[in-house]
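One point on numbering: in my numbering, the residue at position 92 of the sequence shown is 102, and numbering is uninterrupted.
Positions of the beta carbon are idealized from the N, C-alpha and C atoms, including for glycine.
Contents: one structure, followed by commentary.
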Amino acid sequence: MKTLAEIREAGMEQAFHQICRLLGGVSLDRMIQLTHLGEHLTHDPEIRRIVRGVRSYLENENHSARRLFARVMEYLPRENQERLFRSLFLHGFFLGKKRRAEFAKTNGFEPPLLMILSPSWQCNLRCLGCYTLGYARDSKGLSRETVDRILSECEEMGIFFVTILGGEPLVWPPLLDVIGAHPDVFFQVYTNGTLLTPEIARRLRELGNVALVFSIEGGEEQTDSWRGKGVYRKIMDAMDMAREARIIIGTSATVTSRNVDVVSSDEFLDFMISKGSLAQMYFLYIPVNGRADFSLMVTPEQRDLLRRRVLRARNTKPIFVIDFWNDGPYVEGCIAGGRSYFHVNANGDVEPCVYTHIAVDNIHEKSLKEALNSPLFRAIRARQPHNQNHLRPCMIIDNPHVMREIIAQVRPRFTHPGAEQIYTECKEQMDAYAARYAILADEVWQREYAACRGAASDDPRGDELQRPVASAG
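In structure tokens, the structure reads:
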């Protein structure tokens with residue numbers, strides 16, 4: 011006999027099936043109507059708030075999000091619209107949130123929204139400052155069976171967003187079969203693009219529950235100096251292939267002191283949009299690979315330049331932009347350690363995030379459930395947020411003393427030789443960087459965020475009030 015929860019879940023599945031039938035050729039007005047229906051499918055106040063926020067953007071004729079939505083609906087084939095809606099929205103947000111809440115009632119903690127998985131360290135490139143350079147590239151990586159088991163555990167807990175990193179994911183032979191075996195999961199696959207073929211692109215379109223995120227560091231000069239001569243041209247060809255196949259495309263840049271002005275420019279974003287990118291992600295260079303090069307780290311002023319330009323882009327361009335450090339105010343600081351995400355690396359070590367190369371558990375010995383509630387992850391979550399200024403969210407570069415406290419308390423193992431470098435021999439340099447950035451960040455926080463957060467607490471438009479007006483870049 012079905013439980014009440016199973017009956018409700020089946021009812022939601024049926025309702026979403028009806029929504030999916032309406033997606034083909036859907037207009038913006040129809041989509042606004044569907045958000046009203048979606049709001050009534052859940053009692054979760056957080057999901058309802060998100061749905062109302064989406065609706066407010068779609069109702070604003072001048073908002074860039076409205077144009078982004080139109081881009082997505084015009085671009086995706088009818089069958090892929092339905093697959094995207096099922097994996098990303100039905101399971102990722104609605105059913106996933108419900109399962110995570112039910113898990114929390116039984117286990118005392120809520121699973122995160124996202125898992126990042128690196129099934130292999132193998133890669134055909136050797137990029138200048140890659141955070142994986144400390145790991146052994148000749149490692150066999152994870153087996154197909156292990157990855158299937160991990161993904162099944164994710165689904166049971168309500169984790170339906172999975173990002174695939176590496177190494178280069180397209181080097182790992184079972185990748186496409188694994189994606190196909192888990193159609194309810196939405197996968198982001200980060201790739202250098204050099205191994206994409208028309209055959210792989212066609213297969214990815216058929217799967218429909220995957221986005222390809224191309225790593226690119228600016229123009230040809232910046233990208234080739236980071237990734238190797240000729241790589242930029244191969245990325246351009248790969249993006250054309252993906253666009254012709256109507257695969258969801260994103261782009262990602264490692265931001266350094268040498269390329270920040272280029273990758274945050276209007277010209278770069280406009281060109282990525284013209285190549286088909288629907289989302290642009292920014293990751294700061296973090297010296298965690300055992301070969302720290304502090305000259306590559308953005309200066310405090312460059313980091314703030316990126317923040318201001320991202321805010322402006324969100325208001326003006328039809329592309330979804332994420333700045334994983336400067337967006338701390340919108341997620342209340344650090345999201346690592348299983349609060350919102352975690353990383354399983356190619357050796358099976360369960361790490362707090364892709365830049366925190368420490369672990370106490372390995373997936374070959376523990377379940378995900380056990381690893382997410384490990385002493386290491388609990389110690390991290392107990393200290394979040396690591397700073398009341400959420401422009402300084404990171405326990406590595408903004409609050410390095412926190413990371414050292416956690417290491418001293420839990421005594422995890424470092425997951426590759428040299429991973430301890432920034433906590434030992436480079437300790438003073440990390441503290442100095444954090445102190446320099448704190449001066450600027452604290453001033454910006456007080457001027458642009460703190461007062462807005464106070465006003466937002468009593469205002470139904472809180473999320474909008476927390477988003478400061480973008481100043482000129």
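Kindly indicate which residue of Phe334, Arg388, Gly428 has the alpha-carbon position closest to the one of Cys404.
Counting from one through the sequence shown, the residue named residue 404 turns up at place 394. When each option's Cα is compared against that of Cys404, the closest is Phe334.
Am I right that Gly228 and Phe278 are in contact with their C-beta atoms under 8 Å? What's the rounded C-beta distance?
The count along the sequence shown starts at 1 and reaches residue 228 at position 218. The count along the sequence shown starts at 1 and reaches residue 278 at position 268. Gly228 to Phe278, Cβ: 6 Å. Contact.
Just to confirm, are Val272 and Leu294 a CB contact at a threshold of 8 Å?
Position 262 of the sequence shown, counted from the first residue, corresponds to residue 272. Position 284 of the sequence shown, counted from the first residue, corresponds to residue 294. It is not a contact, given that the beta carbons lie outside the stated cut-off.
Between the C-alpha atoms of Thr264 and Ile226, what's the straight-line distance to the nearest angstrom?
In the sequence shown, the residue the question calls residue 264 occupies position 254. In the sequence shown, the residue the question calls residue 226 occupies position 216. If I take the Cα positions, the gap works out to 8 Å.
At a cut of 8 Å, does the stretch 312 to 330 reach the stretch 366 to 381 through at least three beta carbon pairs?
They do not touch, by the three-pair rule.
Do the stretch 164 to 173 and the stretch 138 to 156 meet, that is, are 3 or more Cβ pairs less than 8 Å apart?
They do not touch, by the three-pair rule.
Using a Cβ-Cβ cutoff of less than 7 Å, which residues in the same chain neighbour Tyr433 once the five nearest sequence positions on both sides are dropped?
For the purposes of this step, residue 433 is taken as residue 423 along the sequence shown, with counting starting at 1. If we look at Tyr433 and ignore the five residues flanking it on each side, its Cβ neighbours are Met413, Arg414, Ile417.
Which partner residues does Gly260 have in the DSSP bridge list?
Within the sequence shown, residue 260 is the residue found at index 250, counting from 1. According to DSSP, Gly260 bridges with Val223, Ala289.
Can you give me the C-alpha to C-alpha distance between His192 and Leu161, rounded to a whole angstrom?
For the purposes of this step, residue 192 is taken as residue 182 along the sequence shown, with counting starting at 1. For the purposes of this step, residue 161 is taken as residue 151 along the sequence shown, with counting starting at 1. So the two alpha carbons sit approximately 8 Å from each other.
DSSP state of Asp337, grouped into three classes?
Here residue 337 refers to the residue found at position 327 when the sequence shown is read from its first residue. Asp337: coil per DSSP, three-state reduction.
Could you say which of Asn202, Ile174, Arg243, Arg256 lies nearest to Ala211 if we only look at CA atoms?
Along the sequence shown, one-based indexing puts residue 211 at 201. Cα-wise, what sits closest to Ala211 is Arg256.
What residues are listed by DSSP as bridge partners for Phe113?
As a first step, residue 113 must be located in the sequence shown, where it is residue number 103. In the DSSP output, where bridge partners are listed per residue, Phe113 has none listed.
Return no unless some Cβ of chain D is closer than 8 Å to the Cβ of Arg110.
The chain inventory of the structure shown lacks chain D, comprising one protein chain alone.
Here's the rule: buried if 16 or more other CB atoms are within 10 angstroms of the residue's CB, otherwise exposed. What is Ile245?
Taking the sequence shown and counting its residues from 1, one reaches residue 245 at position 235. Counting Cβ neighbours within 10 Å, Ile245 comes out buried, since at least 16 surround it.
Do Cys344 and Pro410 come within 8 Å of each other at the CB atom, strictly closer than that value?
What you label residue 410 is simply residue 400 of the sequence shown in a count that begins at 1. What you label residue 344 is simply residue 334 of the sequence shown in a count that begins at 1. Cβ atoms of Pro410 and Cys344: not closer than 8 Å.
Does Asp2 come out as helix, strand or coil in the three-state DSSP assignment?
The structure shown has nothing for residue 2, since the chain only spans 11 to 483.
Looking at Val172 and Gln132, is the spacing between their C-beta atoms short of 8 Å?
For the purposes of this step, residue 132 is identified with residue 122 of the sequence shown, where counting begins at 1. For the purposes of this step, residue 172 is identified with residue 162 of the sequence shown, where counting begins at 1. Result no, Cβ atoms of Gln132 and Val172 do not sit closer than 8 Å.
Would you tell me roughly how many angstroms separate the C-alpha atoms of Thr425 and Arg213, rounded to the nearest one?
Within the sequence shown, the letter at position 415 stands for residue 425. Within the sequence shown, the letter at position 203 stands for residue 213. Looking at the two C-alpha atoms, the distance is approximately 34 Å.
Could you check how far apart the C-beta atoms of Lys285 and Arg319 are, in whole angstroms? I think they sit under 8 Å.
Within the sequence shown, numbered from 1, the residue matching residue 285 stands at position 275. Within the sequence shown, numbered from 1, the residue matching residue 319 stands at position 309. Contact flag wrong, Cβ pair sits at about 19 Å.
What three-state label does DSSP hand Cys462 in the structure shown?
Within the sequence shown, residue 462 is the residue found at index 452, counting from 1. Of the three classes helix, strand and coil, the one that applies to Cys462 here is helix, per DSSP.
Using a threshold of 8 Å, state whether the C-beta atoms of Ser350 and Pro122 are closer than that.
One-based indexing of the sequence shown puts residue 350 at position 340. One-based indexing of the sequence shown puts residue 122 at position 112. In this structure, Pro122 lies closer than 8 Å to Ser350 by Cβ.
Per DSSP, His353 forms a beta bridge with which residues?
Mapped onto the sequence shown, residue 353 falls at position 343. The partner list for His353 (beta bridge, DSSP) reads Ile126, Glu361.
The beta strand (DSSP E) with Tyr200 in it runs from where to where?
Residue 200 sits at position 190 when you count from the first residue of the sequence shown. From DSSP, the beta strand (DSSP E) with Tyr200 extends over 196 to 201.
Which residue wins for smallest C-alpha separation from Leu386, given the options Gln232, Arg423, Ala356, Leu217?
As a working note, residue 386 is residue 376 in the sequence shown. Minimum Cα distance to Leu386 is reached at Arg423.
Less than 6 Å between C-beta atoms, sequence neighbours within five positions excluded: which residues of the same chain meet that for Leu138?
Counting from 1 along the sequence shown, the entry for residue 138 is found at position 128. So the qualifying residues of the chain are Trp236.
Using C-beta distances below 7 Å, list every residue in its chain close to Arg93, excluding the 5 sequence neighbours before and after it, in chain order.
Residue mapping note: residue 93 aligns to position 83 of the sequence shown, counting from 1. For Arg93, where only same-chain residues beyond five positions count, the Cβ hits under 7 Å are Gly218, Asn219.
Using the C-alpha atoms, what's the distance from Leu450 back to Val199?
The residue you call residue 199 lines up with position 189 of the sequence shown. The residue you call residue 450 lines up with position 440 of the sequence shown. The straight-line gap from Cα to Cα measures roughly 35 Å.
By Cβ distance below 7 Å, which residues in the same chain neighbour Arg421 in space, the five residues on each side in sequence not counted?
Counting from 1 along the sequence shown, the entry for residue 421 is found at position 411. Nothing meets the Cβ criterion.
Pull the bridge partners of Gly332 from the DSSP assignment, please.
Translated into positions along the sequence shown, residue 332 becomes position 322. For clarity, residue 332 is Ile in the given sequence; the question names Gly instead. Met291, per the DSSP bridge assignment.
Considering Cα atoms alone, identify which of Asn397, Ile407, Ala442, Leu382 is closest to Phe119.
In the sequence shown, the residue the question calls residue 119 occupies position 109. If we check each option's Cα against that of Phe119, Leu382 comes out closest.
Would Ser267 and Ser305 qualify as a contact pair, given that the criterion is a beta-carbon distance under 8 Å?
Counting from 1 along the sequence shown, the entry for residue 267 is found at position 257. Counting from 1 along the sequence shown, the entry for residue 305 is found at position 295. In contact: Ser267 and Ser305 (Cβ atoms closer than 8 Å).
Excluding the 5 residues preceding and the 5 following Thr233 in the sequence, name in chain order all residues of the same chain whose CB lies nearer than 8 Å to its CB.
Position 223 of the sequence shown, counted from the start, is the residue given in the question as residue 233. Only Ile226, Glu227, Val241, Tyr242, Ile245 meet the Cβ criterion.
Pull up the distance between the alpha-carbon of Asn397 and that of Asn336, whole angstroms please.
The residue labelled residue 397 in the question sits at position 387 within the sequence shown. The residue labelled residue 336 in the question sits at position 326 within the sequence shown. Roughly 13 Å between the two C-alpha positions.
Apart from the five residues just before and just after Arg446, which ones in its own chain have a Cβ nearer than 7 Å to its Cβ?
As a working mapping, residue 446 is identified with position 436 in the sequence shown. Counting only Cβ-Cβ distances below 7 Å, and skipping sequence neighbours, we find Pro310.
Could you compute how far the alpha carbon of Pro183 sits from the alpha carbon of Ile189?
Here residue 183 refers to the residue found at position 173 of the sequence shown. Here residue 189 refers to the residue found at position 179 of the sequence shown. When rounded, the distance between both Cα atoms is 12 Å.
Compute the distance between the beta-carbons of Ile406 and Val298, then report whether it is under 8 Å.
What you label residue 406 is simply residue 396 of the sequence shown in a count that begins at 1. What you label residue 298 is simply residue 288 of the sequence shown in a count that begins at 1. Yes, the pair counts as a contact, with Cβ atoms nearer than the cut-off.
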